[in-house]
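Just add 223 to wherever you are in the sequence shown, counting from 1, and you've got our numbering.
Note that the Cβ used here is the ideal one computed from N, Cα and C, for glycine as well.
Note that this is a predicted model, so its numbers are computed, not measured.
Structure record follows, encoded as structure tokens.
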Amino acid sequence: MATRKTLTIFLATITGLVLLMTSSAMAAETPKFGGTLRVATEAEPPLLDPHLTTTAIVLRLSMHWMEAPFNQGAKYEIIPELVESYKTNADYSVWDIKFRQGVLFHNGREMTAEDVVASMNRWGKGISYGKVMYRNVKPVEALDRYTVRITLNKSSAILSAYMTQRTRCFIYPKEVIEEVGLKPVKQIIGTGPYQFVEHKPDRYVKVKRFEKYTARTDPRNGYGGKKVAYYDEILFIPVPEPVQRVNMLQGGEVDVAYAMQTDAYQRLEADPNIDPILTKSWYIIGVFNKKKGPFVNEKLRQAVQTALDMDPIMMNVAGSKQFYDLNPNLHYKGTVWETNAGAEYYNQANPEKAKMLMKEAGYKGEKIRWLVTKRYHYMYNSAVVAAQQLRDVGFNIDLQVMDWATVKQRRAKPDEYEIFTTGTGIQTDPSGQSMLTCGWPGWSCFKELDDLMLKFITQVNFKQRYATWEKIQRFFYEHAVNIKFGDFYTLFGKRKYVKGYISMAWPYWWNSWLDK
């Protein structure tokens, strides 16, 4: 039998991510209960059901009231959250997962294996990550009140990692799911340290401390381990303009601000009341509509890929080279998945070759509708420069600026666009890159890529998986599946009286407190 310890070591090895923390300084601080934390977020959430969306803001909010079987530690290793222990058979094709006893939902009912089975099955139908994993899953079953068995068609050592991807396999009460099926939940109930209170659109999402929260007993560890809700309440306040978020943070109207423009870094660093925080955790992509329209033609996608010069694109996002990096990695540079596969196709900046490919593709000046929002400055700022570069080689680009919720709605409809811009963050495993899947907007429906992705998630040996990942990344560039612009660093900030916070890719507000 493979043990939890064996799998944890394996999964920690494949992430290869290192986080520098100031835990020694924190040891001298005394946590305090009380107060309301005011967080300026960059967008209004389109919904509050993380089973049904890949939107980053939904995860950032919902992980305060929702929990999953597994979570990530300080080095982004996979660690148990709602799980007490687990074991597998020799080839990782059968997983028996025992869940913690006494974990309460916010409605006061104890979580059982039936809730886990219902939640997993819904997650496996509702979101791209779950759909990909469930292609390899036979029916999930409850063995007893607290134990779930997952049987796979083919062995996989990354099942726990997959449930911890960006859209995590959060656990709802069974009755909440049965009420709505695959429609958005009507009752926002989880097991987390904070409890959902209310959502007033364009004003705030409010949560409060869950007094009966069942914390783990092991020490805090990244997103996991022991969680303590020190704040009485947290208000997540949508503030679409990044300059306004900076001003509100410096003026003391909020305690924390997300996703500010990096050109504010020096200003915040000079403020004695502010701690600026850089998180190196994103890259920007342009996603082609490959189901309908001109970019069904591979040569035309290659023309876009060939034309773009990524330096001015990323400079317009970050404002300084210290805040971005150009590399072809579809996972992350510096991890064990780092590879230069397909690098010759990245950042070519070759307009003459692009014109030749446009001619071969038979492009006649058809309008290219490019969906973008200003709510995420990196999306808009990258698209503005990239669109002009493409106009310079002869593309008829119609840059359509709208709110993020509208982008989300339109990108799901093949008649509504040709390109949209988004970003992707750190995944627990490269198999979580939804832009490589057929079910995600943009529709990367290629049999060879699909077969490679299935092979990748079912392999156990790291060397074999790495070789498959290199093939996946090369396929991405050779066929111009989508366009990677570059890695960029996100600027967050907090008032200095917000104590106990340890920076990770996604900000979280348990285990921190107000000292004022």
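Query: Cutoff 7 Å; reference valine 420; Cβ partners in own chain excluding five residues on either side; Result: Lys429, Val430, Lys431
Query: Beta-carbon gap between tyrosine 547 and phenylalanine 711 smaller than 9 Å; Result: yes
Query: Cβ pair count under 8 Å reaching 3, the segment 466-479 against the segment 253-272; Result: yes
Query: Coil, strand or helix - threonine 335 by DSSP; Result: coil
Query: Validate contact between the segment 281-289 and the segment 484-498 using beta carbons, cut 8 Å, 3 pairs; Result: no
Query: Exposed unless 16 or more other CB atoms sit within 10 angstroms - verdict on asparagine 604; Result: buried
Query: Local Cβ density within 10 Å of leucine 659, reported as buried at 16 or more and exposed below that; Result: buried
Query: Alanine 572 versus Lys556, His600, Val608, Tyr315, residue with shortest Cα-Cα distance; Result: Val608
Query: Touching by the beta-carbon criterion (3+ pairs, under 8 Å), the segment 372-383 and the segment 309-326; Result: yes
Query: Inter-residue Cα distance where the pair is isoleucine 626 and tyrosine 369; Result: Note on residue identity: the sequence assigns aspartate, not isoleucine, to residue 626. In a straight line, the C-alpha of aspartate 626 is about 43 Å away from that of tyrosine 369.
Query: Cut-off 8 Å between Cβ atoms - residues of its own chain near glutamate 307, not counting five sequence neighbours on either side; Result: Lys321, Phe322, Arg323, Gln324, Tyr369
Query: Phenylalanine 511 and valine 630 closer than 9 Å at C-beta; Result: no
Query: Local Cβ density within 10 Å of serine 246, reported as buried at 16 or more and exposed below that; Result: The pLDDT assigned to serine 246 is 43, lower than 50, so where the model puts this residue is not dependable; a value taken from the coordinates is nonetheless given after this. Exposed.
Query: Every unbroken alpha helix (DSSP H) within the segment 313-387, with a cutoff of 4 residues, ordered by chain; Result: 336-349, 351-357, 382-385
Query: CA nearest to the CA of histidine 554, picked from Glu252, Leu594, Ile508; Result: Ile508
Query: Collapsed DSSP secondary structure at glycine 516 in the structure displayed; Result: coil
Query: Burial state of phenylalanine 256, where buried means 16 or more other Cβ atoms lie within 10 Å; Result: exposed
Query: Phenylalanine 511 - DSSP class collapsed to helix/strand/coil; Result: strand
Query: Paired residues, beta bridge with phenylalanine 708 - DSSP; Result: The partner list for phenylalanine 708 (beta bridge, DSSP) is empty, contrary to what the question assumes.
Query: Collapsed DSSP secondary structure at asparagine 470 in the structure displayed; Result: helix
Query: Per DSSP, cross-strand counterpart(s) of tryptophan 736; Result: Lys722
Query: Alpha carbon of phenylalanine 698 to alpha carbon of lysine 449, nearest angstrom; Result: 42 Å
Query: Contact check, methionine 581 vs leucine 531, beta carbons under 9 Å; Result: no
Query: Beta-bridge pairing of glutamine 295 - partner residues as DSSP gives them; Result: Ile301
Query: Reduced DSSP category for glutamine 484 - H, G, I as helix; E, B as strand; rest coil; Result: coil
Query: Close beta carbons around alanine 606, own chain, < 8 Å, minus the five adjacent residues each side; Result: Gly509, Trp593, Val595, Leu622, Thr644
Query: Proximal residues to lysine 435 (C-beta, below 8 Å), its chain only, five neighbours per side dropped; Result: Leu327, Gly331
Query: Proximity winner among Ala482, Tyr453, Tyr446, Thr440, relative to phenylalanine 433 (alpha-carbon distances); Result: Tyr453
Query: C-alpha distance - tyrosine 569 paired with glutamine 528, whole-angstrom precision; Result: 7 Å
Query: DSSP-derived helix/strand/coil call for histidine 422; Result: strand
Query: Glycine 415 (DSSP reduced to helix, strand or coil); Result: coil
Query: Other residues of its chain near tyrosine 520: CB distance less than 7 Å, five sequence neighbours each side excluded; Result: Note that residue 520 is asparagine in the sequence shown, not tyrosine. Answer for asparagine 520: Ala584, listed in chain order.
Query: Buried versus exposed, by CB contacts within 10 Å (16 or more), lysine 513; Result: buried
Query: Expected contact under 8 Å - CB spacing of glutamine 295 and threonine 387 to nearest Å; Result: 6 Å
Query: Simplified DSSP state of isoleucine 237, which is helix, strand or coil; Result: Low per-residue confidence applies at isoleucine 237: pLDDT is 41, beneath 50, and the placement is therefore not dependable enough to give any value.
Query: DSSP bridge partner residues for glutamate 464 (one or two, in chain order); Result: Beta-bridge pairing links glutamate 464 to no other residue.
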